[in-house]
Every structure is written in C-alpha cells, then in structure tokens.
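Undergrad: Numbering (this note's numbering), first residue to last: 496 to 868.
I have a structure here, written as structure tokens, and I will follow up with some questions on it.
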Ligand code: ADP
Ligand code: ZN
C-alpha cells in the first residue's frame, strides 16, 4: 500500500493505492460514509454502464454489510457523458437525493466519470465533496488527482469547468485487470509522460519494465502508479491553478496531441493517451530539431512509446491534412495567445520546460516534414 499526500493548504488530501482496495472501500472511505449511516440516506455513486456492471455489485454488498445503501447514477461510456445535458441531470439527481455541502459523492469510473462528477460537485450547492475511485490507468495516474474538472461543449473539450479538489482518491490497481488493453496502453502514455518530463531514472525504469506494467504485474504496476502520482501530487501542490510553469509541465505532448485529436474528430480513431504519446514523440523531435536534445534521445523517446504499442510516427495515422491545418487546431488551445503558444519541449529526457518563443509557422513547417515521414 502507498499513501501519497497532496499538500494543498486547507484542502490537503490523500491518494491511497492498494491492491484489492475496492473490497475494503468501507474502511477506506469511512470518514465520508459515516454521515450516511447517521442520517439513513443512500450514498450517491456515479459510474458508467461498464464500471457499474463490473463493480457495483461488490460495492453494494460491502456497503450493505454495514447497513449502507448506494444509489447509482449511471451514464453511457464515452466522452458524450461530459455534456451540459448529462451534467444537468446529474446535478438535479444530487439535489433530489438531498445532498448537502458536508456530503460526499463517489465517482467510480475513468476520467469521464471523474471529470463529470467533480464538476457537478463543484457547482451543486456551491461545492459538495467527492471521492475519486478511478478505474482506468489514465484516471489513476492523472485525471483523478489535481482537481481539474470539466465538461465538453460545442466549442471544444474541457472548456467549461472548475478547480475542485476531491477529498480522497482511492486507487485499486486490481480493477485494471478488466480494462481493455488499448485503454491500458493509452493510460501508459501518461505514465511515460512523467518520466520524460521530470524523472530520467523513472523513464529508464519504464523502458526496462513497461511490458510488466502493461501486463498488470502487481509490483511493477503499483510502482508505476505510485511514482506517477507522487510527481503529480508534488506539481499540483506547488502550482494548483497552473499560474506558474510547474503544472504546465504536465501538458507535455498535449498541444501536439490536441491537434491530432481534433483532426481525428476526438473519436475512437485516436484515444487521448494515444494522441499524447505521438504528441510526446513530436515534442521530442521538435526539441532535437532546435538542438536542445540529441537525435538519439528523440529516437529513444520514440522507441519507448512504440514499444508500448502506442503510435510513434505521424504517417502511421494516415491523416489527409497539412501542417497548417494541424496548427489551426492548436490555436483553439486554452493557452493560445495570438500567433504563439507555450510549447512543452525537452532539455533532456527527464527534463521538460515551457518554451514561449515558438513560432506557429515554424511548427506548421515541422509538421509538414513529419507528415511526409
Ligand atoms: P479515460 O479514463 O481514459 O478518460 P473513460 O472514462 O472514457 O476513459 O474510460 C474508457 C473506457 O474504459 C470506457 O468505455 C469505460 O467504461 C471503460 N472502463 C473504465 N474502467 C474500466 C475497468 N476497470 N474495466 C473495464 N472497462 C473499464
Ligand atoms: Zn492527458
């Protein structure tokens, strides 16, 4: 078991990583469940149909043993659940259940469920508590920690949201046994991100042990999750609202990745983690083009990503667009200002930095070179 504190003044919380934790949810979440036993009300749980089908039965049993009852709000799997319509239904459901500001809502699912629940809790009664029970590798190592919550709108992804920290993040690596391999690899991209952005030794460890992590070997998996979370917790504590450059480091691969997600219509053609993986390859290659890392290092980053079964070259996507079209997608980034955009580049494998001198026309030229292969 690992317990990682997220040291935010006044809103400090813990991330608990423990194999089999979901079976012991009543012990772990006890501080947030007692109010429900006292008042005889149902505990609000949110899941998607997949996580409900796989895990709700056990959760209901565990709660029943101590005289608690869960009430479930279930959404369809996929990004469409992060919508105004579902948000409205969820908030109305919480109000109908009579949640108070001292209550906690439980989010059992991947990043979609976590982002939706976090935002609903941020705005319902101006702030209800919530507990994250992330069930995808991506949510376990990234989105469940740090308090970024959001929904998608016509104008783009995650443009409507709030910072709202969970009271607790409970991670059970065992739940990843049922996660589809493709989702596992996509989450692994964010794990590699931590190594590339700030921990060369972790990156080397992942090069050697990535296959064990993907195979869900308990020891390797727990180490990958705990090391990732420890770095995220440190960065979030230092820069909760991304006003300094620290938290921005977590966007390594995301500006390039976002353009690829937009070009593929945010569809199953390219999952977020897959886009980030290829985005990190592009960030490394662009850093090498600027002479900041060697071509050898850029190739090493690409090799680690390819070895995990993730897309590592632009032609492999078969896009029918040019560099200018990809740059156009980047202009819609939340951080865009005029003709420039802060880019996350590499000074070394294990050291990212925010470059503010990048010209988007040069990025377009670079993307054209990359598209040609
Ligand atoms: P992410 O966490 O990457 O943002 P989602 O929340 O969209 O992704 O989850 C990805 C897919 O995996 C969804 O179809 C979801 O229902 C499914 N899923 C989530 N957790 C599990 C799990 N532990 N086992 C099986 N499928 C899962
Ligand atoms: Zn991401």
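Just so you know, even glycine gets a beta-carbon here, dropped at the ideal spot from N, CA and C.
Remember, predicted model here, so these are calculated numbers, not experimental data.
Let me have the residue list for the ligand ZN: C-beta closer than 6 Å to any non-hydrogen atom, ordered along the chain.
TA: The set, ordered by position in the chain, is 637, 685, 749, 767 and 771.
Undergrad: I'd like to confirm the pairing. Which residues does DSSP put opposite residue 540 in its beta bridges?
TA: According to DSSP, residue 540 bridges with 567 and 601.
Undergrad: By the three-class DSSP mapping on this structure, what secondary structure does residue 660 have?
TA: It is coil, neither helix nor strand.
Undergrad: I need the boundaries of the beta strand (DSSP E) containing residue 647, first residue and last residue.
TA: It spans 643-648 - the beta strand (DSSP E) in which residue 647 sits, taken as one unbroken run.
Undergrad: Which residues in the same chain as residue 635 place their Cβ atom closer than 6 Å to its Cβ, once the five residues preceding and following it in sequence are excluded?
TA: Same-chain partners within the cutoff: 629, 666 and 720.
Undergrad: Quick one: grab the DSSP three-state call for residue 581.
TA: Residue 581 falls in the helix class under three-state DSSP.
Undergrad: When the Cα atoms are used, what is the spatial distance from residue 573 to residue 669?
TA: Whole-angstrom Cα-Cα distance: 22 Å.
Undergrad: Distance check for residue 868 and residue 525, CA to CA, integer angstroms please.
TA: Computed Cα separation, rounded: 55 Å.
Undergrad: Among 750, 593 and 795, which one has its Cα closest to the Cα of residue 870?
TA: Beyond the ends of the chain as shown, which are 496 and 868, falls residue 870; an answer cannot be given.
Undergrad: Looking at the ligand ADP, does it come within less than 7 Å of residue 541, judged from the CB to the closest heavy atom?
TA: Answer for residue 541: no, Cβ out of range of the ligand ADP.
Undergrad: Is residue 741 helix, strand or coil by DSSP?
TA: Looking at residue 741 - three-state DSSP - the assignment turns out to be coil, as it is neither helix nor strand.
Undergrad: Helix, strand or coil, according to DSSP, for residue 830 in the structure here?
TA: Reduced to three states, the DSSP call for residue 830 is coil.
Undergrad: Give a single yes or no on whether residue 607 has its beta carbon closer than 7 Å to a heavy atom of the ligand ADP.
TA: Result yes, Cβ under 7 Å from the ligand ADP.
Undergrad: For residue 597, count neighbouring Cβ atoms within 10 angstroms of its own Cβ and tell me buried if that reaches 16, exposed if not.
TA: By the 10 Å Cβ count, residue 597 comes out exposed.
Undergrad: Just checking my contact of residue 794 with residue 691 at CB under 8 Å: how many whole Å lie between their CB atoms?
TA: The pair is not a contact, with the Cβ atoms about 13 Å apart (cut-off 8 Å).
Undergrad: Any contact of the stretch 830-845 with the stretch 772-779, i.e. 3+ C-beta pairs under 8 Å?
TA: Verdict: yes, contact present.
Undergrad: Given a cut-off of 8 Å, decide if residue 602 and residue 608 are closer than it, judged by their beta-carbon atoms.
TA: Their beta carbons are under 8 Å apart, which means residue 608 touches residue 602 by this criterion.
Undergrad: Enumerate in chain order the residues of its own chain whose CB-to-CB distance from residue 697 is below 6 Å, with the five nearest sequence positions on each side excluded.
TA: These residues qualify, in order along the chain: 690 and 722.
Undergrad: Hey, would you say residue 537 sits closer than 8 Å to residue 582, going by beta carbons?
TA: No.
Undergrad: Could you name each continuous alpha helix (DSSP H) segment of 4 residues or more that falls completely within the stretch 752-795, going from the start of the chain to the end?
TA: Taking only runs of at least 4 residues, the alpha helix (DSSP H) segments lying wholly in the stretch 752-795 are 767-784.
Undergrad: Among 735, 788 and 532, which has the Cα closest to the Cα of residue 558?
TA: Per the Cα distances, 532.
Undergrad: Quick one: give me the first and last residue of the beta strand (DSSP E) that residue 850 is part of.
TA: That run of the beta strand (DSSP E) goes 846-850.
Undergrad: Can you tell me which of the three DSSP states residue 509 falls into?
TA: Of the three classes helix, strand and coil, the one that applies to residue 509 here is strand, per DSSP.
Undergrad: With residue 497 as the anchor, note down where its beta strand (DSSP E) starts and where it stops.
TA: Segment 497-501, the beta strand (DSSP E) holding residue 497.
Undergrad: Decide if residue 566 is buried, meaning its Cβ has at least 16 other Cβ atoms within 10 Å, or exposed.
TA: By the 10 Å Cβ count, residue 566 comes out exposed.
Undergrad: Give the DSSP-derived three-state secondary structure of residue 682 in the structure shown.
TA: Looking at residue 682 - three-state DSSP - the assignment turns out to be helix.
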